[in-house]
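> Sharing a structure with you now.
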Amino acid sequence: MNVVVVESPAKAKTINKYLGPGYKVLASFGHVRDLPAKDGSVLPDQDFEMLWEVDGASAKRIKDIADAVKSSDGLFLATDPDREGEAISWHVLDLLKKKKVLGDKPVKRVVFNAITKKAVLDAMAQPRDIDVPLVDAYLARRALDYLVGFNLSPVLWRKLPGARSAGRVQSVALRLVCDRESEIERFVSEEYWQISALLKTPRGDEFEARLVSADGKRLQPRAIGNGEEANRLKSLLEGASYVVESVEAKPVKRNPSPPFTTSTLQQAASSKLGFSASRTMQVAQKLYEGTDIGGETVGLITYMRTDGVQMAPEAIDAARHAIGEQFGARYLPEKPRLYSTKAKNAQEAHEAIRPTDFNRTPDSVRRYLDDDQLRLYDLVWKRGIASQMASAEIERTTVEILADNGEQKAGLRAVGSVIRFDGFIAAYTDQKEDGEQADDSEDGGRLPEINAREKLVKNKVNATQHFTEPPPRYSEASLIKKMEELGIGRPSTYAATLATLRDRDYVTIDKRKLMPQAKGRLVTAFLESFFNRYVEYDFTADLEEKLDRISAGELNWKDVLRDFWRDFFAQIEDTKELRVTNVLDALNEMLAPLVFPKREDGSDPRVCQVCGTGQLSLKLGKYGAFVGCSNYPDCNYTRQLSSENGGEADAAALNEPKALGKDPLTGEEITLRSGRFGPYIQRGDGKEAKRSSLPKGWTPATIDYEKALALLSLPRDVGPHPETGKMISTGIGRYGPFVLHDGTYANLEGVEDVFTIGLNRAVTVLADKQTKGAGGRGRATPAALKELGDHPDGGAITVRDGRYGPYVNWGKVNATLPKGKDPQSVTVEDALALIVEKGGKPSGKSAKAKAPAKTAKAKASAETSETKKAAKPKAAAKPKAKTASKTKKS
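Mapping the sequence shown onto this note's numbering, position 532 (from 1) lands on 537, and the numbers just tick up by one.
As C-alpha cells, this is what we get:
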C-alpha cells in the first residue's frame, strides 16, 4: 500500500477513486506549518534561519500521515503543480523525516495539471523528486514578505497611528490605486467639439460622416477647442455640396485570444460576470478539484493558477475535433493555433486554464453545477474552444467625402464594418475590460450602398460639445492587468493582495471601482516619502524576476535575501530618528489636494476659517489622522480626513457648519458638521444640542433638510404591538438599523427601513427574530446557511448567521467570517483555518472546555521537540520553541 498526500479532502476523495485499493490518499488541508506571526520567525543574523510552527490541527493531520506512512510501501507527494504546491510537499516531507518514519521507503513527487483519471494515472507513472530550486524560490518569497511586513509595519504604527500594515506587493498595488486617484485630482478637463453631417445617398439611404479636414489641413482628434470655431466649421458644411471622392472596402482578419491565464480569467470574470478576483478563484477551485457528473467525480478544468497560454497537444486535438463536430468544418483552421506567453519566465510553464474535456459542453453539465460554477465553466469552455477556431473575417469600408461651399472645402469620413464570417466569434466575443474607455474613432456598423463620384444630399449638420474625462479608477480586473503588465506579483497572489487592501480599509469598492480611503493614501504617501525604493514599480518587478530566476536555478536564494536585507535594514534604522513633525510636513505637501481642498472663494485652504490666523495641518491621534488648527488649544477646530467617497475629500470639504434649515418645532438651527469621528447632524448649540452621526452609506453631499430632520427624529415610533400593546420603534445603533419592542432588538436590512417600515412588517421582523433566537440564555441556534462536512476530529462544521454576522460553527467553537466574506463561498479549508485561528477554543467560560486545545498544542510541541533542542537560546526566546521548527537551506 502506498500513501498519497494532496492538499484538500475533496481532491483526496476524487483521486482515491482513480487509484484504487492499493493507495491511501490523505489531505494535508493546505500548508501544514507556517512562520509564526510575530517578530523573530526569520533570523537575518543567523543566515536567514526560518522558524516554522505547526498548529494543533496540522499536527493531528501530520500524525495521521506519519502513522499511515509507517506501514506503507512508499510515499507520493501529489500537491498542486506550482510553487506553493511544491512547498507543501517539501514541508510534509521535512516533518516526516523529523519523525523518522520514512526509513528507506521511496518518496516521489507527482504533479498533474487536471484531476481526471488519465491525468492522475499518467502522473503516477512519471514521478520525480522535489524541485529544490522551486522550494528555494518559495522560501525566498516567504522570507522577503515576512521581513518587509514585520519590519516596516512597526515603523508605520510608531510614525503613522491608524495604519495597519505594509507589504512587499500589497503596498505597491495600493500605490497604483492612489497614484490613479492623484491623476484624477490633478486632471483639468478640456473642451472639444465634434462635427458630423447626416447625409443621404441617391437611393434615399441615410448615414453619418465625421469632419476630418478643413482649411487644407487634417484635423487632429479634439482639435476643435471652442464653440466659436465649431460654429464656423458648421456654417461651412451647412452651405456645402457633397460628393463621394472614394470608397474603399478592405478585408480584415481578427484572430482569437489565447486560452485563459489566472489574470485574464479574473479580468473576464469581473467584466462579464461581475465576480471579484477572490470569488473567481473560489469557484475555479471547485471546478478544478472535481464535481460529481453522473456518478463519476471528475475535475472540469485544468489547474487555475498559471500564466501559461499554451494547451497540451492532446487538448488541442480534442478542441479541434469538438469544433468540427459542433461548429462545422469551416470554423476549423488548417493548422492548430500555438500561443506563447508574454510574461517573464512564466511560472513553472503550466498549461493555460481549459476544460479537461471539450466534449463536455456547458449545457451537458448544467444540472450538476450551481449558477456561479456554470457561468465560470461556460466562460472557460468558450474561451478555450474559441482559441483554436478560425479567424473572424470583417470587411471594413472607408468612405471619403468632399464638402465644397464654393469658397472653402472640407473633408468628411464615414467608416463602417460588417462581419462576413464570424469564425471564433461564434463561440466567444472579447470585451473591453473595466475601466477602458471607448475610442472616438471606433468603426461603426454597416454602411448603405455608396458609390464613388456620386452626389449626396445633406440632411443635417451637428456640432456637439464634449469635455475630456480623467482616467478611470481601477477595477479589480484592470488593476490585475496593470500589475501583470508591470511584472508585480504572480497569479497566486493577485486575489489575496486585493483582499488584504479591502480588509485593511485601505480601499473600498464602489460600483466595481477601487477607491482609496484616506488611510490608504496616508500609508502610500508615507512610504513614497521615506521608503520610496520599496514601492517603486521597477524595483518590485525586478525582485519578482529574481524570484523567478531562483526557481529556474539561476540564482542562490540566500544571496538575494542578503542583498535585499542589507539596504532595507539600513533604511529601517534611519527612520528611528525620524520625527513625527517631519512625517506631517511631508504628508501635508504630498496630500494637499486631499487634506486642503480648494475653497470656492479662492482663499488659502490652509488658513483656519474659525480663528482666521492659525494654519491647518494633519494631526495624528489615537484613531488615525485628522486635520487641526495650529492655534490649539485656543482654537479647537478639527475635521475628519477620511470620507465615504474615497479620495474626493467630501467630508474634508466641510470646513465649517453648513446650515440646512430650522427645526419646525423648536426653531433651532439644524447644521451639517464634520468632527474628528466623521460628519454629523446637529440641532442647536452647546452641550445640550442633539447630534446624530451619518449612517453608513450616507455622505455629506447627499444630506438635505428632510434627511437631517429624519435623523434627528430617531428613535421613530412605528405603532403598538397588536399582542402586547407596547410601542414598536426603530433606530440606528452600534450594529446598524434596528426595530425594537419590549427589550427585543431585530436588525433591519437598510437604513431606509428605519424611516419607512410599517407596523405589519415590523411585527414580522420581530417574530422572525424570536424564531431564530433573540439572544441571551436558552436562545435557539441559528439555522445553518451551509453544511461543510465533518471536522477531522469529529463533529459537523457549518456556516451560520448570528447576531453579529455570519460565522463558522464547530461544536462550541464559533469563528466569525472576515468582513465581506460570502457565507456561501466558505470552503472546508477556509473553515478549518478560521477554527484554528480561533484557537480551537470554545466560546464558553468553562476552563475544562479549553483543555482540548491545549492538548493539541502539546502534541504539536512534542513533534518538534528535536528542533527545539537545536535552537540557540537567544533565537528561541522570541518564538515559542514548543511549536517551532527551524529550517536551514543553503
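Backbone N, C-alpha and C define an ideal beta-carbon position, used for all residues, glycine too.
1. Skipping 5 residues on each side, what residues in its chain have a beta carbon closer than 6 angstroms to that of alanine 324?
2. Assuming contact is defined by CB atoms lying nearer than 8 angstroms, are tryptophan 198 and alanine 468 in contact in what I supplied?
3. In angstroms, rounded to a whole number, what distance separates the CA positions of glycine 651 and isoleucine 514?
4. Tell me whether glycine 810 is buried or exposed, calling it buried when 16 or more other Cβ atoms sit within 10 Å of its Cβ.
5. My parser needs the beta strand (DSSP E) runs of 3 or more residues fully inside the segment 66–136; what are they?
6. When the Cα atoms are used, what is the spatial distance from glycine 794 to serine 830?
7. On the criterion of 16 or more Cβ atoms from any shown chain inside 10 Å, does glutamate 757 qualify as buried, or is it exposed?
8. Provide the residue(s) that pair with methionine 732 in DSSP beta bridges, ordered along the chain.
9. Can threonine 266 and glycine 313 be called in contact, C-beta distance under 8 angstroms?
10. Give a yes or no on whether the C-beta atoms belonging to alanine 142 and isoleucine 762 are separated by under 8 angstroms.
11. Classify glutamine 175 as helix, strand or coil using the three-state DSSP reduction.
12. Please report the straight-line C-alpha distance between leucine 24 and proline 261, rounded to a whole angstrom.
13. Can you list, in chain order, the residues of its chain whose CB lies under 7 angstroms from that of tyrosine 336, leaving out five sequence neighbours each side?
14. Specify the secondary structure class of cysteine 640 as computed by DSSP and reduced to three states.
15. Does DSSP put serine 246 in a helix, a strand or coil?
16. Pick out the complete alpha helix (DSSP H) segments inside the segment 551–610, 4 residues or longer, and give them in chain order.
17. Within 10 angstroms of the Cβ of glutamine 225, are there 16 or more other Cβ atoms? Answer buried if so, exposed if not.
18. Pull up the distance between the alpha-carbon of alanine 273 and that of methionine 286, whole angstroms please.
19. Please list the segments of the alpha helix (DSSP H) lying wholly inside the segment 282–366, counting only runs of 4 or more residues, in order along the chain.
20. Is the segment 205–213 close to the segment 549–566, with three or more CB pairs under 8 angstroms?
21. What does the Cβ neighbour count give for asparagine 641, buried or exposed, with the cut at 16 atoms within 10 Å?
22. Looking at the ligand ZN, does it come within less than 7 angstroms of serine 251, judged from the CB to the closest heavy atom?
23. Give the DSSP-derived three-state secondary structure of serine 622 in the structure shown.
24. Kindly list the residues whose CB is nearer than 7 angstroms to the CB of proline 610, restricted to its own chain and excluding five residues on each side of it in sequence; keep chain order.
25. So what's glutamine 687 in DSSP terms, helix, strand or just coil?
26. What distance in whole Å lies between the Cβ atoms of serine 635 and glycine 619, which are believed to be in contact at a cut-off of 8 angstroms?
27. Quick one, which of Arg169, Asp78, Ile20 has its alpha-carbon nearest phenylalanine 117's?
28. Are the CB atoms of tyrosine 539 and phenylalanine 573 nearer to each other than 8 angstroms?
29. Going by Cα to Cα distance, which pick from Lys791, Leu181, Gly800 is closest to proline 477?
30. Could you tell me the alpha carbon to alpha carbon distance between aspartate 376 and glutamine 331, rounded to whole angstroms?
31. How would you write the range of the alpha helix (DSSP H) that serine 268 sits in, first residue to last?
32. Per DSSP, what kind of secondary structure is glutamate 58 in: helix, strand or coil?
33. Serine 158 and serine 170 - do their beta-carbons sit closer together than 8 angstroms?
34. Quick one: grab the DSSP three-state call for isoleucine 406.
35. Would you call glycine 691 buried or exposed, if buried means 16 or more other Cβ atoms sit within 10 Å of its Cβ?
36. Apart from the five residues on each side of it in sequence, which residues of its chain come closer than 7 angstroms, Cβ to Cβ, to alanine 357?
Let me lay it out:
1. Locating residue 324 in the sequence shown gives position 319, where the first residue counts as 1. Excluding sequence neighbours, alanine 324 sits near Phe363, Ile390, Gln393.
2. Reading the sequence shown from its first residue, position 193 is the one you call residue 198. Reading the sequence shown from its first residue, position 463 is the one you call residue 468. Yes. Within cutoff.
3. For this step, residue 651 is matched to residue 646 along the sequence shown. For this step, residue 514 is matched to residue 509 along the sequence shown. Here the model assigns glycine 651 a pLDDT of 36, short of 50, so the residue's position is not dependable, and the following value carries that caveat. When rounded, the distance between both Cα atoms is 9 angstroms.
4. Taking the first residue of the sequence shown as 1, we reach residue 810 at position 805. Exposed: under 16 other Cβ atoms inside 10 Å.
5. 79–82, 112–114
6. Along the sequence shown, one-based indexing puts residue 794 at 789. Along the sequence shown, one-based indexing puts residue 830 at 825. Near 14 angstroms, if we compare the C-alpha coordinates of serine 830 and glycine 794.
7. Taking the first residue of the sequence shown as position 1, residue 757 is located at position 752. Glutamate 757 is exposed by the Cβ-count criterion.
8. Translated into positions along the sequence shown, residue 732 becomes position 727. Its beta-bridge partners are Pro725.
9. Locating residue 266 in the sequence shown gives position 261, counting from the first residue. Locating residue 313 in the sequence shown gives position 308, counting from the first residue. Going by C-beta atoms, threonine 266 is nearer than 8 angstroms to glycine 313.
10. By 1-based counting over the sequence shown, the position of residue 142 is 137. By 1-based counting over the sequence shown, the position of residue 762 is 757. Cβ distance not < 8 angstroms, so alanine 142 and isoleucine 762 don't count as in contact.
11. By one-based count along the sequence shown, residue 175 stands at place 170. The answer is helix: DSSP assigns glutamine 175 an H, G or I state.
12. If you number the sequence shown from 1, residue 24 lands on position 19. If you number the sequence shown from 1, residue 261 lands on position 256. One C-alpha to the other measures close to 38 angstroms.
13. Walking along the sequence shown from the start, residue 336 turns up at place 331. Closer than 7 angstroms at the Cβ level, and outside the excluded window around tyrosine 336, lie Ile328, Met394, Ala395, Gly428, Ala431.
14. Looking up residue 640 in the sequence shown gives position 635. Cysteine 640 falls in the coil class under three-state DSSP.
15. On the sequence shown, residue 246 is found 241 positions in, with the first residue counted as 1. Note: serine 246 maps to strand in three-state DSSP.
16. 562–579, 585–595, 597–600
17. Locating residue 225 in the sequence shown gives position 220, counting from the first residue. The residue is exposed, with fewer than 16 neighbouring Cβ atoms inside 10 Å.
18. Taking the first residue of the sequence shown as 1, we reach residue 273 at position 268. Taking the first residue of the sequence shown as 1, we reach residue 286 at position 281. Using only the alpha carbons, I get a separation of about 12 angstroms.
19. 282–294, 318–331
20. no
21. For the purposes of this step, residue 641 is identified with residue 636 of the sequence shown, where counting begins at 1. Answer is exposed; the Cβ neighbour count stays below 16.
22. No copy of the ligand ZN occurs in the structure displayed, which carries no ligand at all.
23. Residue numbering aside, residue 622 sits at position 617 when the sequence shown is read from its first letter. Three-state result, serine 622: strand.
24. Here residue 610 refers to the residue found at position 605 when the sequence shown is read from its first residue. Phe601, Pro602, Lys603, Arg604, listed in sequence order.
25. Counted from its first residue, the sequence shown places residue 687 at position 682. Strand.
26. Position 614 of the sequence shown holds residue 619. Position 630 of the sequence shown holds residue 635. Confirmed, Cβ separation roughly 5 angstroms.
27. Sequence index remark: in the sequence shown, residue 117 carries index 112 (1-based). Of Arg169, Asp78, Ile20, the residue nearest in Cα terms is Ile20.
28. Sequence index remark: in the sequence shown, residue 539 carries index 534 (1-based). Sequence index remark: in the sequence shown, residue 573 carries index 568 (1-based). For tyrosine 539 and phenylalanine 573, yes; Cβs fall inside 8 angstroms.
29. Against the sequence shown, residue 477 aligns to sequence position 472. Looking at the Cα atoms, Leu181 is the closest of the given residues.
30. Locating residue 376 in the sequence shown gives position 371, where the first residue counts as 1. Locating residue 331 in the sequence shown gives position 326, where the first residue counts as 1. Going from the Cα of aspartate 376 to the Cα of glutamine 331 covers about 24 angstroms.
31. Locating residue 268 in the sequence shown gives position 263, counting from the first residue. That run of the alpha helix (DSSP H) goes 267–273.
32. For the purposes of this step, residue 58 is identified with residue 53 of the sequence shown, where counting begins at 1. DSSP places glutamate 58 in strand when its eight states are reduced to three.
33. Your numbering for residue 170 matches position 165 in the sequence shown. Your numbering for residue 158 matches position 153 in the sequence shown. For serine 170 and serine 158, yes; Cβs fall inside 8 angstroms.
34. Looking up residue 406 in the sequence shown gives position 401. Isoleucine 406: strand per DSSP, three-state reduction.
35. What you label residue 691 is simply residue 686 of the sequence shown in a count that begins at 1. So glycine 691 counts as exposed.
36. For the purposes of this step, residue 357 is identified with residue 352 of the sequence shown, where counting begins at 1. Same-chain partners within the cutoff: Pro263, Pro264, Phe265, Thr266, Thr311, Gly313, Val314, Gln315, Met316.
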